[in-house]
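Order-wise, the sequence lines are chains H and U. For the first sequence, position 246 (counting from the first letter as 1) is numbered 246 according to this note's numbering, and the numbering increases by one without interruption. For any residue, its number in this note's numbering is found by taking its place in the second sequence, counting from 1, and adding 1000. Just so you know, even glycine gets a beta-carbon here, dropped at the ideal spot from N, CA and C.
2 protein chains.
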Amino acid sequence: MTPTIGVFDSGFGGLTVLRALIERLPRAHFAFLGDTARLPYGSKSRRTIARYAAESAQFLVREQGAEFLVIACNTASALALDAIQDAVPVPVLGVIEPGAIAARQASATGDVLVIATEATVQSHAYAAACRAQGLRAIEKACPLLVPLVEEGWTDHPVTAEVIDIYLGELRAEAAAQGLKPDMLVLGCTHYPLLRPLIERAVRPGVKVIDSAESAAQAAVELCNGRLGGRLGERVAPAAIGATAETEVRCFATDSVEKFERLGSRFLGRPVGKVELIDLGG
Amino acid sequence: MTPTIGVFDSGFGGLTVLRALIERLPRAHFAFLGDTARLPYGSKSRRTIARYAAESAQFLVREQGAEFLVIACNTASALALDAIQDAVPVPVLGVIEPGAIAARQASATGDVLVIATEATVQSHAYAAACRAQGLRAIEKACPLLVPLVEEGWTDHPVTAEVIDIYLGELRAEAAAQGLKPDMLVLGCTHYPLLRPLIERAVRPGVKVIDSAESAAQAAVELCNGRLGGRLGERVAPAAIGATAETEVRCFATDSVEKFERLGSRFLGRPVGKVELIDLGG
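See below:
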């Protein structure tokens, strides 16, 4: 039997994580849930986020038979990973620890910059995960980047200017603390769409780490171990379109039209029909 | 007995409407509810918005004794005014019709530009309200403006540039349809904080109409009629700080800290303690 992997986000930004998973696990089945009726989690309290995320995880496990969950949402990973693990009987992987591990593997100076939503930054989850890897991290909230991506301005001079302002402030803060960062972690699943602009804005020698990619790689390792190697080898991205085996079902709690319209940018292929569900919120 | 006026918004942008109400009705009591656990309404469906707004209105009437409701949220006014009127036994005033009436009173050409959130624009509620006043309206969604206000960039070159881009696109659309607009209606309660930048960006001869101001003026007329003239005359804005009589209680469904921190910019004075309530969402 082909295993089902559940992927959860507050919206559809987590489709960048799903995209990275499909590239690596083309023979798995995927159920993706975007809790779009209650987004953005980024501006809500820990208590509220934990309740919403636990309900969403239970839907993927109980209703969709997910044997493994990837929390493709930095805010939920930061604030609700424990609550989700308590709520479901399957392994649960967040996006934050894999990002920190990837930074540790690539960093020479041990100093890391992190950009994320306000709630993720306020949780200091990346700073804690980096510290656990022996890294020093400076985090910065960049609340305009998600709306700029959703406006479709992913290659727009205004977006480049906003990125310059945010990164300039972050560099100044790092310098003030005597850090010499050589890594920039993208701590939000919307940010991979801005990667070309961000690559242009970072100083030479600073490497951009996409925690969506890092989490997908960690999921492969965990899945292949836990699920008995049923999921297959990584395929080259060029082969994605040809993996007719990959089954992806997408669910949302609201605004399926917007999900269908914008989601393909994140997934890198059409998301198809999105099914509306009601989690009672 | 002093009447209580309930003011409702999905977030705290509606504090610009409350501010305009306090200026005009200094002897009233006010109960303001921001449904911050479930914002932004702007990206949600009509069905969901109607349910959230009705629950919020019932809280203000049943728990706070509001005798009159002002829906200080363009999205809820556009999509849920009927649902709210059905849900509570008191008069309910939205922000859209007053904005359209103010535009009609001031316009010479009969052509009007409207900027608002995506959900408000998709509802075409302003176009319909303007048509009912004999005006032709062109609406444009400006989804970056709310995040720019919440980032505090209300006097920032990036914000000025974004406004220029949006208004340029809107003017081009109006010209393509042969319209000669002389009014620009601010169809979102966050936009009054951008009024100085917007005033600088409009063409000479175009007047900016703030629907928060228009709604407050309409509320005064309705209240003084319906509530027997118990609310008093308009006071000059300079006297606001001195109206010790004005009682304002603020409630939110989440993130009271953010509400307290950002709310004063919208209200024009400290919002004080914000009480957390649970509407079960």
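Residues bridged to residue i [DSSP beta-bridge criterion]
{"i": "L1069(U)", "result": "G1006(U) and V1092(U)"}
{"i": "F30(H)", "result": "I5(H) and V248(H)"}
{"i": "R136(H)", "result": "D111(H)"}
{"i": "K355(H)", "result": "Outside the modelled stretch of chain H, which goes from 1 to 281, sits residue 355(H), for which no answer is possible."}
{"i": "L276(H)", "result": "A252(H)"}
{"i": "A1141(U)", "result": "A1116(U)"}
Beta carbon of residue i nearer than 9 angstroms to that of residue j
{"i": "I84(H)", "j": "L69(H)", "result": "yes"}
{"i": "F1032(U)", "j": "T1246(U)", "result": "no"}
{"i": "A1037(U)", "j": "D1210(U)", "result": "no"}
{"i": "A1078(U)", "j": "A1020(U)", "result": "no"}
{"i": "Y41(H)", "j": "L279(H)", "result": "no"}
{"i": "A1102(U)", "j": "V1017(U)", "result": "no"}
{"i": "L1167(U)", "j": "A1201(U)", "result": "yes"}
{"i": "D35(H)", "j": "A175(H)", "result": "no"}
{"i": "L28(H)", "j": "C223(H)", "result": "It should be noted that the sequence gives Ala, not Leu, for residue 28(H). Closer than 9 angstroms, so yes."}
{"i": "A66(H)", "j": "T159(H)", "result": "no"}
{"i": "A287(H)", "j": "D86(H)", "result": "The question about residue 287(H) has no answer, for chain H in this structure spans 1 to 281."}
{"i": "G1178(U)", "j": "T1120(U)", "result": "no"}
{"i": "V1092(U)", "j": "N1074(U)", "result": "no"}
{"i": "G1152(U)", "j": "Q1064(U)", "result": "no"}
{"i": "R269(H)", "j": "T154(H)", "result": "no"}
{"i": "Q1058(U)", "j": "R1104(U)", "result": "no"}
Residue i versus residue j - alpha carbon distance
{"i": "R1131(U)", "j": "F12(H)", "result": "36 angstroms"}
{"i": "C142(H)", "j": "E173(H)", "result": "14 angstroms"}
{"i": "R1136(U)", "j": "K44(H)", "result": "39 angstroms"}
{"i": "S56(H)", "j": "A1116(U)", "result": "31 angstroms"}
{"i": "A215(H)", "j": "I277(H)", "result": "26 angstroms"}
{"i": "L1025(U)", "j": "V1248(U)", "result": "12 angstroms"}
{"i": "V149(H)", "j": "L193(H)", "result": "7 angstroms"}
{"i": "E1199(U)", "j": "V1208(U)", "result": "7 angstroms"}
{"i": "A76(H)", "j": "V1090(U)", "result": "40 angstroms"}
{"i": "A1072(U)", "j": "R1203(U)", "result": "28 angstroms"}
{"i": "H1190(U)", "j": "V271(H)", "result": "33 angstroms"}
{"i": "R46(H)", "j": "G1110(U)", "result": "49 angstroms"}
{"i": "A1100(U)", "j": "V1162(U)", "result": "25 angstroms"}
{"i": "P1196(U)", "j": "E1213(U)", "result": "15 angstroms"}
{"i": "V1114(U)", "j": "Q122(H)", "result": "36 angstroms"}
{"i": "D82(H)", "j": "P147(H)", "result": "28 angstroms"}
{"i": "V1256(U)", "j": "S10(H)", "result": "21 angstroms"}
{"i": "R261(H)", "j": "E118(H)", "result": "26 angstroms"}
C-beta neighbour in chain U for residue i, strict 9 angstroms
{"i": "A50(H)", "result": "no"}
{"i": "E173(H)", "result": "no"}
{"i": "R265(H)", "result": "no"}
{"i": "E275(H)", "result": "no"}
{"i": "V83(H)", "result": "Looking at the sequence itself, residue 83(H) is Ala, so the reference to Val does not match. No, A83(H) lies away from the interface with chain U (no Cβ there is under 9 angstroms from its Cβ)."}
{"i": "D35(H)", "result": "no"}
{"i": "K44(H)", "result": "yes"}
{"i": "R38(H)", "result": "yes"}
{"i": "P196(H)", "result": "no"}
{"i": "P147(H)", "result": "yes"}
{"i": "T4(H)", "result": "no"}
Min CB distance residue i to chain H below 9 angstroms
{"i": "R1024(U)", "result": "no"}
{"i": "L1069(U)", "result": "no"}
{"i": "E1150(U)", "result": "yes"}
{"i": "V1162(U)", "result": "yes"}
{"i": "V1158(U)", "result": "yes"}
{"i": "A1144(U)", "result": "According to the sequence shown, residue 1144(U) is Leu rather than Ala. It does: the Cβ of L1144(U) has a partner Cβ on chain H nearer than 9 angstroms."}
{"i": "D1254(U)", "result": "yes"}
{"i": "I1115(U)", "result": "no"}
{"i": "I1165(U)", "result": "yes"}
Cβ neighbour criterion (16 or more within 10 Å) applied to residue i
{"i": "V61(H)", "result": "buried"}
{"i": "D182(H)", "result": "buried"}
{"i": "A239(H)", "result": "Here A239(H) scores only 42 on pLDDT, less than 50, and its place in the model should not be relied on; the value that follows carries that caveat. That one is exposed."}
{"i": "K180(H)", "result": "exposed"}
{"i": "A218(H)", "result": "buried"}
{"i": "A1236(U)", "result": "Annotation note: pLDDT 40 at A1236(U) (below 50); position unreliable, coordinate value reported separately. By the 10 Å Cβ count, A1236(U) comes out exposed."}
{"i": "G1014(U)", "result": "buried"}
{"i": "E1169(U)", "result": "exposed"}
{"i": "E1139(U)", "result": "buried"}
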